[in-house]
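In the working numbering, the protein residues as written are 24 to 501.
Each residue gets a CB set at the ideal place from its N, CA and C atoms; glycine is no exception.
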């Protein structure tokens, strides 16, 4: 964040002088603090306002130090990345980072919060080395208090693998073989940071980044719930009286109790969520690859209404009619199966054959009816074609040699030629008074069947199997 202007500094100092803060808190109030745990043991994230700290605990087997052969090792590392603030450099710690790392190490390690003797596997040969890495994800003031809460919560949440020593053989069991073992945490020391203003007359708890830029000095008090002072450090260019130190320690006892209770509640909540298979913390976005619960909770059902309904139906229902399945002899040599039963005398093969025969008979009848209908249709089509072939024409001039008119009629497959006179044409057309045109085409007249032909066609269609044959009479045909 960029440096504050003179107006901003004056505004913040004037608000603090009136016991007011930019975010509306009281001088001794902490910002809203939230503790979350990850999927793996020993992973913890702390949100204190906009300040975010991530702590991760890991372990490995190493050789102990020569001067402490029966004690394990605890290593604390604090990293300030440029992602948290533009004032931090990548790759190395500034003076401010080194100060924070040293204070955190004194609070966690030098206060003997973790029992390092319980980390010994084989004296002088193998011990556990616990590594605590604290990463600052976002800087908005009071990094030390947030990092201390995250470090102690992660150490309390961590589980190391179980170890079995038989003679010179050392076996490290996987989490699937044996449950991991928690670390022995004797107490939970928490740091409380106080910021001083107006020559030590005003002090604030949990200062933000803007408040840190205008403060005159700080005082860090590390304590536990037993009122044991673990560490203390004063920085800045101001003098602090004995009464101010005592007042800060009294305020620190109250704040340490609140923060310790917050850590215990978060650990208990995580333990319950893991036991019940629920999602917890920032691990809610990580789906589980396997089903961890195979127990279906019991559910109680009220069946009193159903039982009453069943008993009422049984009392009011009528008994069904008794059907006898025994054979009755109607007369000598005749047997009958009981009513309502199926005939089981025939085998399945016989029943299938009977069904096939019935289906075959029905198919044959349908084919015969279709064949008869098709024959009738073919005969009608042939008759219509023969009638279409008959064409009658009038001669253009009289034949001088024979003195008769000629016309050509084709009414057979051999296309025979007949000679007709005018009298024959009048008989065919049914009138003598009508004048004949030069060419007379009777094709259209022959296409329309007569009433007699229609009645005969209807009679043939109704008869089904009767055959009908049309007779054509042509008068005076030579």
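Reduced DSSP secondary structure (H/G/I, E/B, other) of residue i
i           : result
residue 337 : helix
residue 192 : strand
residue 415 : Note on residue 415: pLDDT 45, under 50, position unreliable in the model; the coordinate value appears next. Looking at residue 415 - three-state DSSP - the assignment turns out to be coil, as it is neither helix nor strand.
residue 210 : coil
residue 60  : strand
residue 264 : coil
residue 244 : strand
residue 197 : coil
residue 237 : coil
residue 95  : coil
residue 70  : strand
residue 119 : helix
residue 219 : strand
residue 256 : strand
residue 81  : strand
residue 281 : helix
residue 227 : strand
residue 182 : strand
residue 342 : coil
residue 295 : helix
residue 100 : strand
residue 466 : Note that residue 466 has pLDDT 47, beneath the 50 cutoff, so the model's placement of it is unreliable and the number below is only indicative. DSSP places residue 466 in helix when its eight states are reduced to three.
residue 323 : coil
residue 187 : strand
residue 125 : helix
residue 48  : coil
residue 75  : strand
residue 426 : Per-residue confidence for residue 426 stands at a pLDDT of 44, beneath the threshold of 50, marking its modelled position as unreliable; no derived number is given.
Residue i and residue j closer than 8 Å at C-beta
i           : j           : result
residue 188 : residue 144 : yes
residue 150 : residue 87  : yes
residue 128 : residue 99  : yes
residue 126 : residue 283 : no
residue 195 : residue 186 : yes
residue 171 : residue 228 : no
residue 101 : residue 72  : no
residue 286 : residue 58  : yes
residue 153 : residue 96  : yes
residue 269 : residue 242 : no
residue 280 : residue 248 : yes
residue 64  : residue 250 : no
residue 38  : residue 92  : no
residue 266 : residue 35  : no
Inter-residue CB distance, residue i and residue j (contact presumed, cutoff 8 Å)
i           : j           : result
residue 275 : residue 246 : 5 Å
residue 515 : residue 159 : The displayed coordinates of the chain run from 24 to 501. Any statement about residue 515 would go beyond what the structure contains.
residue 27  : residue 236 : 6 Å
residue 206 : residue 218 : Actually they are not in contact, since the Cβ atoms of residue 206 and residue 218 sit about 33 Å apart, beyond 8 Å.
residue 41  : residue 94  : Rounded, the Cβ-Cβ distance is 53 Å, inconsistent with contact.
residue 74  : residue 166 : 7 Å
residue 197 : residue 184 : 7 Å
residue 69  : residue 155 : So it is not a contact: roughly 14 Å between Cβ atoms.
Cβ-heavy atom distance, residue i to the ligand SAM, below 7 Å
i           : result
residue 170 : With respect to the ligand SAM, the structure shown offers nothing to examine, as it has no ligands at all.
Own chain residues within Cβ distance below 6 Å of residue i, not counting five before or after
i           : result
residue 78  : 67, 157, 173, 174, 177
residue 478 : Bear in mind that a pLDDT of 47 at residue 478, under 50, signals an unreliable position, so the model cannot answer this.
residue 278 : 215
residue 122 : none
residue 201 : 185
residue 134 : 212, 253
residue 82  : 151, 153, 183
residue 53  : 229
Beta carbon proximity, residue i to chain D, threshold 8 Å
i           : result
residue 283 : Any reference to chain D falls outside this structure, which holds one protein chain only.
Own chain partners of residue i with C-beta closer than 7 Å, once the 5 adjacent residues on each side are dropped
i           : result
residue 232 : 24, 162, 163, 164
residue 208 : 136, 137, 178, 179
residue 435 : Per-residue confidence for residue 435 stands at a pLDDT of 45, beneath the threshold of 50, marking its modelled position as unreliable; the derived number appears in the next sentence. Taken in chain order, the list of residues that qualify is empty.
Contact set for residue i: own chain, Cβ-Cβ below 8 Å, skip 5 residues either direction
i           : result
residue 105 : 111, 112, 113
residue 124 : 99, 100, 101, 116
residue 302 : 296
Every unbroken beta strand (DSSP E) inside the stretch 140 to 168 [3 residues or more]: 143 to 145, 149 to 161
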